[in-house]
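Residues are numbered in this note's numbering as their position in the sequence shown, beginning at 1, plus a constant of 9.
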Amino acid sequence: MQDFLAVALSMPTLAFTGLLVVVVLYWLSVVLGALDLDLFDPGGLDGADGALDGAVDGAVDGAVDGAVDGAADGAAEGELGVGGFAGLLSALGLRHAPLTVVFSLVVLLGWLASFFGARYLAPVLPLGGFLSGLVVTLAALLAAVPLTSLLTRPMAPLFRVHKARGNRDLVGQVVRIRTGNVDGGFGQAELKDGQAGMILHVRCADPEALERGDEALIVDWDEEKNAFEVEPMEALLPGRKKRA
Numbered sequence: 010m011q012d013f014l015a016v017a018l019s020m021p022t023l024a025f026t027g028l029l030v031v032v033v034l035y036w037l038s039v040v041l042g043a044l045d046l047d048l049f050d051p052g053g054l055d056g057a058d059g060a061l062d063g064a065v066d067g068a069v070d071g072a073v074d075g076a077v078d079g080a081a082d083g084a085a086e087g088e089l090g091v092g093g094f095a096g097l098l099s100a101l102g103l104r105h106a107p108l109t110v111v112f113s114l115v116v117l118l119g120w121l122a123s124f125f126g127a128r129y130l131a132p133v134l135p136l137g138g139f140l141s142g143l144v145v146t147l148a149a150l151l152a153a154v155p156l157t158s159l160l161t162r163p164m165a166p167l168f169r170v171h172k173a174r175g176n177r178d179l180v181g182q183v184v185r186i187r188t189g190n191v192d193g194g195f196g197q198a199e200l201k202d203g204q205a206g207m208i209l210h211v212r213c214a215d216p217e218a219l220e221r222g223d224e225a226l227i228v229d230w231d232e233e234k235n236a237f238e239v240e241p242m243e244a245l246l247p248g249r250k251k252r253a
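Encoded structure:
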C-alpha cells in the first residue's frame, strides 16, 4: 500500500492522480444527481450536491472547455479554432463519444500507464528524474489516446444524435392517397418512411385531381390548415400512369 501511494502521489503520476480525483468526483456527482437521493436532510444534501456539482463541474469544465475555448479563441476569431479542435479530435479518433466520456477515459488510461511506467519503466531509464518523468508522461498520453479511441468506437451508436424531421422537411416526398378524394379541406395520405409509415393530412386545390391509391407529391406545408399541399404525380409527370 505504501508503494502504491508513493508512486501515485509522486511525479509524474501525481498529475494524472489529481485529474483522476476530479473525474471520479464528477461522475459521483452525476450518479447522485441521477438517483436524486434524499438522505436525512434533503435540504442539506441538496446544498452539498450543489456545492459538489459546482466544484467538480467547474474543475472539469475548466480543464476541458478551457482547452476548447482556448483553441477556438486563438484561431480566426473562434470559428476556425472550433473547426480545428473538432478536426484534431476527429484525427485522433476521439469523436465517438461525448467530451466528458473521452476526457475521463484519457485520464484513467493515462493514470494507469503513468503509474506502471513510473513503477517499472522510469527506474531503468538511463536518464535523470525529470527526464524520466517526462518520458513516462509522454508515453502515457501516447498510449491513452489510441486506447480511448478504441474503447469509445463501439459507443458511437449510443451517442448518435437523430435530428427530428420537421413538417417542411417532408416537402418533395411522394405519398399515396388513402381517402376517397382530396380537396381544400379534407384528405389523408400515407408516406412510406422505411419504418411504420406516416399518415399525413393533405390538401389539394383541385378536388377532382386525386382519389384513393393515387400518388401525389408534397409541394408545401400550410401552417393555417395544418396540412400538406399536394399535387398529383400524373400532372407533374405526364408519362406516369395512375395506379389501377
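No residue lacks a Cβ here, since even glycine has one placed at the ideal position from N, Cα and C.
Here the structure is a predicted model, which means the values were calculated and not measured.
CB of residue i within 8 Å of CB of residue j, strictly
i	j	result
Arg177	Gly222	no
Ile227	Gly181	yes
Ala198	Leu209	yes
Ser113	Val32	yes
Gly126	Ala148	yes
Val111	Thr157	yes
Ala106	Thr161	yes
Gly119	Phe13	no
Ala43	Phe124	no
Which of helix, strand or coil DSSP assigns to residue i
i	result
Ala81	Here the model assigns Ala81 a pLDDT of 40, short of 50, so the residue's position is not dependable, and the following value carries that caveat. Ala81: helix per DSSP, three-state reduction.
Leu151	helix
Leu200	strand
Met164	helix
Met242	helix
Ala205	coil
Arg212	strand
Leu219	coil
Phe112	helix
Asp231	strand
Arg185	strand
Phe237	strand
Ala106	coil
Leu226	strand
Cβ-based burial, residue i [other Cβ within 10 Å; buried from 16]
i	result
Gln204	exposed
Glu233	exposed
Arg212	buried
Gly175	exposed
Leu241	It is Pro, not Leu, that sits at residue 241 in the sequence shown. When all chains shown are included, Pro241 counts as buried.
Tyr35	buried
Leu219	buried
Lys201	exposed
Leu117	buried
Within-8 Å CB hit, residue i to chain C
i	result
Arg212	Considering every chain present, this structure includes no chain C. It has just one protein chain.
Same chain, Cβ closer than 8 Å to residue i, five either side skipped, listed in chain order
i	result
Pro216	Asn190, Val191, Asp192, Gly193
Leu143	Pro21
Gly71	Confidence is the limiting factor: at Gly71 the pLDDT is only 48, short of 50, which leaves the residue's position unreliable, though a coordinate-based value still follows. Counting only Cβ-Cβ distances below 8 Å, and skipping sequence neighbours, we find nothing.
Asp229	Val180, Phe237, Glu238
Asn235	His210
Arg187	Gln197, Ala198, Glu199, Ile208, Arg221
Continuous alpha helix (DSSP H) stretch holding residue i: start and end
i	result
Val40	22-44
Segment limits, beta strand (DSSP E) that includes residue i
i	result
Leu134	That residue, Leu134, is in no beta strand (DSSP E); it is neither H nor E in DSSP.
Own chain, CB closer than 7 Å to residue i, minus 5 neighbours either side, in chain order
i	result
Val115	Ala153, Val154, Thr157
Leu150	Gly119
Same chain, Cβ closer than 6 Å to residue i, neighbours up to 5 away in sequence not counted
i	result
Gly206	Glu199
Leu28	Val116
Asp231	Glu238
beta-carbon residue i near the ligand PLP non-hydrogen atom, thresh 7 Å
i	result
Phe195	The ligand PLP is not part of this structure, which contains no ligands at all.
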